[in-house]
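These notes concern the structure reproduced below.
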Amino acid sequence: MSTVFDDRTCRLGEGPLWHPERRQLFWFDILNRRLLSRDNGTPRTWQFGEYVSAAGWVSRSELLIASQSKLFLFDLETEASSKVCDLEADDAVTRSNDGRADPKGGFWIGTMGINAEKAAGAIYRFHKWELRKLFDGVTISNAICFSPDGRTAYFADTATQVIQKVALDHDGWPSGAPETFVDLAAGDLNPDGAVVDSDGYLWNAQWGAGRVARYAPDGRFVEEIKLPASQITCPAFGGDDLKTLFATSAAEGLSGAVDGKTWLTEAAVRGQVEHRVVL
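Heads up: the sequence shown at position 41 corresponds to 94 in my numbering, and the numbers run straight through without jumps.
Structure, rendered in structure tokens:
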């Protein structure tokens, strides 16, 4: 059974991150340019001047945040920020979207057109102060997550309705061409954010379907968790035992009382500890 974790309405809730040292969930409302959290039950909000969408944790107090034009370090205590590198800063059409840290400490981040312009986005990896473009021609970057052994990365272009997988080398870089992991077109399902549990099963939020679906490492559908909001955007495991499944949602284009809230439900399996970004 799902319950509301946070009742603030997000136009486009995204990027939930359970900080393992703080034992605290962070997430974004992209279109309202804000980072959200709860600290011992108290709502917290940090406002920014441009779109912000995803983060990885660097230390107890610092996050690496992806924004419309850059990656930057943000101190949660002092609110100081410092730019790490540009991210399509010369392209006024695009912004950041989905992202997550990999088991080697790299940070993967996808971009997309602000108005979902076709093929305007790309997927990058930032590792040891190098930002490298991995895949281009992406319309809506999503579902970035990793197998527990660090040998496989997953990602999606929502517009294609396909979740892909790609093998990774010892340093966490792609070592071959992407392959289809799950093709959701037959069910007219739209892959949004995703996370992999400790058993290697991928949990995918599916925009418009009001659910998070679980897939085995071979791509076989296993189960679904239904949620009240239809536009579920991304799941994240957290809580003391990593069995709490959080999920963000979006109210953009909708007016229901449940839309845009951040949800939680209990899962029967544990998630992975979110990996630290290595600078």
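Yeah, the Cβ is synthetic: ideal placement off N, Cα and C, and Gly gets one too.
Computed from a predicted model, the values in this text were never measured in an experiment.
Helix, strand or coil for Gly68 per DSSP? strand
Mapping DSSP to helix, strand and coil, what is Asn83? Correcting the residue type first, residue 83 is Ile in the shown sequence and not Asn. Correct three-state label for Ile83: helix.
Helix, strand or coil: how does DSSP classify Thr56 here? strand
What does the Cβ neighbour count give for Pro96, buried or exposed, with the cut at 16 atoms within 10 Å? exposed
Going by other Cβ atoms of all chains shown within 10 Å of its Cβ, with 16 needed for buried, is Glu327 buried or exposed? Buried, because 16 or more other Cβ atoms sit within 10 Å of the Cβ of Glu327.
Kindly indicate which residue of Gln217, Arg76 and Trp226 has the alpha-carbon position closest to the one of Gly272. Gln217
What's the C-alpha gap between Cys287 and Val215? 16 Å
Please confirm whether Pro156 and Phe101 have their CB atoms less than 8 Å apart. no
Within 10 Å of its beta-carbon, does Ala107 have 16 or more other beta-carbons around it, so buried, or fewer, so exposed? Counting of Cβ neighbours within 10 angstroms places Ala107 among the buried residues, the total reaching 16 or more.
Give me whichever residues DSSP pairs with Arg61 in a beta bridge. Partner(s): none; Arg61 has no beta bridge.
Can you have a look at Val57 and say buried or exposed, based on whether 16 or more other CB atoms are within 10 angstroms of its CB? exposed
Give me whichever residues DSSP pairs with Arg91 in a beta bridge. Pro96
On a CA-only basis, which of Lys123, Glu130, Ser55 and Met54 is nearest Arg75? Give me that one, please. Glu130
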